[in-house]
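*Asks:*
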Amino acid sequence: MPEQHRTVEEQLRRRECELDMLKEITRVISSGKSIKEVFGFVTESARKLLGCETATMPIVSDDQANYVYRAASGKNAEELIDSELPMSVGLCGWVMQNQRPWWRGALDLLDDSERNKWEKDAGTVILVPLIGKQRFLGGIACINKINGDDFDEQDLDLLTMFASHVSIAIENAMAFDELRTARNTAEAYRIRLEKLNGKLQQANGELQFLAVHDPLTGLPNRALIVDRLERGILTAQRDDRQLALIMIDLNNFKDVNDTLGHAAGDQLLVSLGKRFLGLVEDDLTLGRLGGDEFAVVLPGAGIDRALAVSSMLQDLLQQPIDIDDRIITLDASMGVSIYPDHGTRPSDLMKCADVAMYVAKRNKLAVSVYNSQNNPYDQGHLELTRDLRTAIKRNDIDLYLQPKVDMRSGTLIGAEALARWRHPVQGDVPPSKFVPILEQTGLIKEFALQVLEKAVRYCKQCERAGYEISVAVNLSVHNLRDETLPDQVEDILARHDLDSSRLTLEITESAVMDDYMKSIEVLGELSDMGIELSIDDFGTGYSSLGYLKRMPVQQLKIDRSFVGDMIMSRDDAVIVRSTIDLAHNLGLKTVAEGVETEAVLAVLSEMGCDMAQGYLISRPLPMEEFFLFLKNCDWIVESVSAA
Ligand code: C2E
Ligand code: MG
Ligand code: MG
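Okay, so the sequence shown: first residue is 926 according to the working numbering, each after it adds one.
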């Protein structure tokens, strides 16, 4: 075969080979392989096609400032891959900037200085641009022909054709890759969003829990109790059944807070909450209304079940609680109301249970079932409240005086002022009935000032008439919380020109204990003014010696319930005797109230009691009669001039 033919044949074979390769490349590129595989395949093919040591693919970065060798094949491929260079550097930079191929022939396009720079290795590198439909992508470079020749024009044509063939496919692969990356990012966002949503839902759940639960004890709060009441009432209505509500108020919880601190108080509530949670039976809901108040909703329950549950609660309450190595025992006052007997709305049932609880507390009962007679919200009660308001406005409440005598000297030393209200229709209403209403309505403040004003005036009248006596006024727990009280008392004394030593203020021990800190402050101020302070109904409350010692009082009034029975009851006699001893040891004087017989007076005298008050000496008297009594009684009454 002539030489010429052989060359042509050789060229044809090569062309066929190249075509096969191009077809294969197109197939691979369009087969949806990853961009890395596509790039790898392209460089590998280019290297084989041109028969060179290395082929590589510089691709322009997104901001067009750099190019990156995204793929390489052959010698030094590993070192090249992923290296990044600025657009101004190297042959690649030149191709990128000029968007035309580099081969030895391109030297003719350069000026002298550039040509000197590139000329040495010009034949060993060939680099053609990759231009897609939308944008300039980068290039394909081949380095060092294996046979040692320089790259020639034929190589340039071949690589150019190859580049134009693969460029669109590469552009598509890149676009597809971007799309996939975007999709992956979106998917990652979706997953993150889902996770966040989950967290949000959990937080929402926690918030919802907090909205209807008490954060301290974890028990349902007032809102949830009301909700359970509402639902319970609906079901009870539908099924024609009852429902019970129990309200629980801890006794002496304030003492725990005051003596052991609020942290201990909280700890106690938490322990109690845990204990209560153990009680959850059937569809019962037990929650904390706030402070030391709890409530239980018992769907379907009547009075019997309510009382059974309240006794279970008392049992739970009375198990000792260990707080900071101190053993504390509690008890509580509970009030019960029943649907539909006492109301058909949650608010009514709550009011009724509250009233019942208040009655239990006042009467020192563990539990009390609502009774409309005690209800401050029922019609009769509302009318009484209205009339009482009018009486206060008109200053219609009378003050009676009951004498108090010094047992050793037989001197009438003073009188207790006792309020009397004659209702226009109902007649005499006892203070035990109207004082609680005054307390509930807030009228007690105004009332106390009226009583003080009248008592001080009476005392001054006695003084003007020549009798040196003092007057004692009863204060309610609410008066002790009124910080303006000391100033007002001072004002009244000043207006009537009465010496402060002639006024005694009586407060019940439970009134002081109710808010010890506040009371002690107000009492301190009153005591500093020179006013005598007396603890009324002593023995019925639960003052501890520790409290007593710190209180600025001068007198204990022994409750008439002990005094009245002391002849018949040994226990009462023991209580009276030890109260007198205790008072004397603390430097306090004692007054026995409710002295009705000579026998009692004699025993009290033998026990060393200082003063006595009671029907034996005199009943409480209106002012005019009290005057007559002063004049005519057998007791010594010191006259002002003698003093
Ligand atoms: P208290 O301060 O312990 O008053 C003594 C109560 O015992 C008075 O009842 C008095 O009438 C009664 N009493 C006196 N001697 C005897 C006796 O020998 N035998 C018996 N069985 N009872 C006797 P009263 O007047 O019904 O007052 C009851 C309570 O009402 C008082 O108890 C006091 O806590 C309160 N109170 C009365 N007046 C006022 C007032 O002006 N303000 C305030 N905040 N409370 C008042
Ligand atoms: Mg009194
Ligand atoms: Mg009393």
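Idealized CB from N, CA, C, for every residue including glycine. Only a predicted model underlies this, so the values are computations on that prediction, with no experimental measurement involved.
Consult DSSP for Asp1247 and reduce its assignment to one of helix, strand or coil.
*Replies:* strand
*Asks:* Report the three-state DSSP secondary structure of Val985 (helix, strand or coil).
*Replies:* strand
*Asks:* Are three or more beta carbon pairs between the segment 989-1003 and the segment 1102-1120 nearer than 8 Å?
*Replies:* No contact exists between the segment 989-1003 and the segment 1102-1120.
*Asks:* Does the segment 1145-1163 come close enough to the segment 1256-1263 that 3 or more CB-CB pairs lie under 8 Å?
*Replies:* no
*Asks:* In this structure, does DSSP put Met1548 in helix, strand or coil?
*Replies:* helix
*Asks:* Whether or not the segment 1362-1372 and the segment 1329-1337 are in contact is what I'm after, with contact meaning three or more pairs of Cβ atoms, one per stretch, closer than 8 Å; do they touch?
*Replies:* With contact defined as three or more Cβ pairs closer than 8 Å, the segment 1329-1337 and the segment 1362-1372 are not in contact.
*Asks:* Less than 6 Å between C-beta atoms, sequence neighbours within five positions excluded: which residues of the same chain meet that for Ser1008?
*Replies:* Tyr994
*Asks:* Which partner residues of Leu1326 appear in the DSSP bridge assignment?
*Replies:* DSSP output for Leu1326 lists Ala1342 and Leu1546 as bridge partner(s).
*Asks:* With DSSP run on the structure shown, which of helix, strand or coil describes Pro1411?
*Replies:* helix
*Asks:* Kindly indicate the opening and closing residues of the beta strand (DSSP E) around Thr1366.
*Replies:* Bounds of any beta strand (DSSP E) do not take in Thr1366; it lies within the alpha helix (DSSP H) bounded by Pro1356 to Thr1366.
*Asks:* Measure how close the beta-carbons of Cys942 and Lys1070 come, nearest whole angstrom, since I'm counting them as under 8 Å.
*Replies:* With 8 Å as the limit, Cys942 and Lys1070 do not qualify as a contact, their Cβ atoms being about 17 Å apart.
*Asks:* Locate the beta strand (DSSP E) running through Asn1399, then write down its first and last residues.
*Replies:* Ser1395 to Leu1400
*Asks:* Which residue from Ala1136, Asp1180 and Tyr1540 puts its Cα closest to that of Met1442?
*Replies:* Taking the Cα of Met1442 as reference, the smallest distance to any Cα among Ala1136, Asp1180 and Tyr1540 is reached at Asp1180.
*Asks:* Quick one: is the Cβ of Gln1327 within less than 7 Å of any heavy atom of ligand 1?
*Replies:* yes
*Asks:* Write down every uninterrupted run of the beta strand (DSSP E) in the segment 1089-1175 whose length is 3 residues or greater and which is fully enclosed by it, in chain order.
*Replies:* Listed in chain order, the complete beta strand (DSSP E) runs (minimum 3 residues) inside the segment 1089-1175 are 1168-1175.
*Asks:* Pair every Cβ in the segment 1308-1320 with every Cβ in the segment 1521-1541, then say whether three or more of these pairs are closer than 8 Å.
*Replies:* no
*Asks:* Whole-angstrom Cβ separation of Val1292 and Ser1357, contact assumed at under 8 Å?
*Replies:* That belief does not hold up - the Cβ atoms of Val1292 and Ser1357 are roughly 21 Å apart, past 8 Å.
*Asks:* Could you tell me how far apart the beta carbons of Arg1029 and Ala1002 are, in whole angstroms, since I believe they sit closer than 8 Å?
*Replies:* Contact between Arg1029 and Ala1002 is ruled out by a C-beta separation of about 24 Å, above the 8 Å threshold.
*Asks:* When the distance is taken between beta carbons, is Tyr1392 closer than 8 Å to Pro1547?
*Replies:* No.
*Asks:* Rounded to the nearest angstrom, what separates Gly1352 and Thr1142 at their Cα positions?
*Replies:* Taking the straight line from one Cα to the other gives about 49 Å.
*Asks:* If we call anything under 8 Å between Cβ atoms a contact, is Glu1531 one with Asp1484?
*Replies:* no
*Asks:* Pull every residue with its beta-carbon under 5 Å away from any heavy atom of ligand 5, and keep them in chain order.
*Replies:* Ligands present in the displayed structure are limited to ligand 1, ligand 2 and ligand 3, and ligand 5 is not among them.
*Asks:* DSSP puts Glu1218 in a beta bridge; with which residues?
*Replies:* As computed with DSSP, Glu1218 is found in a beta bridge with Asp1174 and Gly1215.
*Asks:* What does the Cβ neighbour count give for Ser1435, buried or exposed, with the cut at 16 atoms within 10 Å?
*Replies:* buried
*Asks:* Quick one, which of Lys1289, Asp1037, Thr1269 and Ala1380 has its alpha-carbon nearest Ile1322's?
*Replies:* The option with the nearest alpha carbon to Ile1322 is Ala1380.
*Asks:* Among Glu1408, Ala996 and Lys1042, whose alpha-carbon lies nearest the alpha-carbon of Val901?
*Replies:* An answer regarding residue 901 cannot be provided, because it is not within the stretch 926 to 1568 covered by the chain.
*Asks:* Exposed or buried, what is Val1350 when buried is set at 16 or more other beta-carbons lying within 10 Å of its beta-carbon?
*Replies:* Flag for Val1350 reads exposed.
*Asks:* Can you check whether the CB of Gly1057 is closer than 8 Å to the CB of Ile1093?
*Replies:* The Cβ atoms of Ile1093 and Gly1057 lie closer than 8 Å to each other.
*Asks:* State the DSSP-derived secondary structure class of Ala1066, mapped to helix, strand or coil.
*Replies:* Here Ala1066 sits in strand by DSSP.
*Asks:* Would you kindly report the start and end of the unbroken alpha helix (DSSP H) that includes Gly1203?
*Replies:* Unbroken run through Gly1203: none, as it is neither H nor E.
*Asks:* Where in the segment 1458-1544 do unbroken runs of the alpha helix (DSSP H), each at least 4 residues long, occur, reported from the N-terminal end onward?
*Replies:* 1470-1475, 1485-1490, 1495-1510 and 1523-1532
*Asks:* Please say whether Val1398 and Leu1423 have beta carbons closer to each other than 8 Å?
*Replies:* no
*Asks:* Excluding the 5 residues flanking Val1525 on each side, which residues of the same chain have their C-beta closer than 7 Å to its C-beta?
*Replies:* Val1488, Met1491 and Ile1492
*Asks:* Only counting the same chain, and skipping five residues up and downstream in sequence, which positions put a Cβ closer than 6 Å to that of Val1164?
*Replies:* At residue 1164 the sequence reads Asp, which differs from the Val that was named. Nothing listed; no residue qualifies.
*Asks:* At the level of alpha carbons, what is the spacing between Val1565 and Gly1533?
*Replies:* Spanning the two alpha carbons is a distance of roughly 28 Å.
*Asks:* So, helix, strand or coil for Thr1315, using DSSP?
*Replies:* helix
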